[in-house]
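Each residue of the sequence shown is one higher than the one before, counting from 1387 in my numbering. Structure first, commentary second.
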Amino acid sequence: GGVNTIDPLERLSILPSKQEPMLVELGVLQGGHSVLFAVEPSTVVSGAGTCTPGPIDCEILSLNPGQQEGISKQTPSGSSPVALFSVNSVTVDNHPSVAAANAARQDASSVGRELLNESPLNAISLFQYDPSVGAVVDLRNLTVGG
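Here it is as C-alpha cells:
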C-alpha cells in the first residue's frame, strides 16, 4: 500500500479508520514536542514511541515528529500488522482573534470522543486536554498547593 497523509489531524481522530479503531489522537502534549494517542484494547504497537504505563500494557502512545510506529491487531495466534505511521510535524496555528482560537481549541471528532467515553483505559485520566492552553496536560507529576 501507499502512504496516506492526514494534514492536519483533527483532535480525537480515530486511526487507522472509524471502521477499525485502534488509536485515538488525544492531542499535542503541553510543550509541543509530541502527540499522544490512546491505544485501544487488542492493539499492539511497536516502534520508537513511548508507552504509558509501559510497553507490554500500552494505553497511551507518545510520538515525536519523525518517529515511526507500527500498529497491529492482536489475534488468537499472535498479531496481524495493520499500518505503519509517523508524526511528520507539530505546528502552532495562529488565529485572528481570541474567540477564533477558543473555537479551534474546542474542535474535536465526536466519534473519537464517543469511543474514549466508552474506553476501559485507565491511563487516559492521566492525560487531560486543557482548552485554556490548547494542549494535553500530563497529570502524573502535577502538584497541588504550595
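Even glycine gets a Cβ: it sits at the ideal position worked out from N, Cα and C.
With at least 16 other beta carbons inside 10 angstroms of its own, Glu1445 counts as buried. When beta bridges are read from the DSSP output, Pro1402 appears opposite Pro1407. DSSP lists Asp1516 as the bridge partner or partners of Ala1521. Of the candidates Arg1491, Asn1474, Val1430 and Ser1475, the residue whose Cα lies closest to the Cα of His1481 is Arg1491. Gln1460 carries a strand assignment under DSSP once its states are collapsed to helix, strand and coil. Straight across, the Cα-Cα distance linking Lys1404 with Phe1471 is about 16 Å. Residue range Ile1446 to Leu1449 is occupied by the beta strand (DSSP E) that includes Ser1448.
Of all alpha-carbon atoms in Leu1502, Met1408 and Leu1525, the one lying nearest the alpha-carbon of Ser1466 is that of Met1408. For the pair Leu1447 and Val1425, the CB atoms are nearer than the 8 Å cut-off.
Taken in chain order, no unbroken stretch of beta strand (DSSP E) lies wholly in the stretch 1474 to 1499 with a span of 3 residues or more. Comparing alpha carbon positions, the residue from Val1478, Thr1429, Asn1450 and Pro1427 closest to Thr1436 is Asn1450.
Contact annotation: Gly1418 and Val1473 have beta-carbon atoms that are not nearer than 8 Å.
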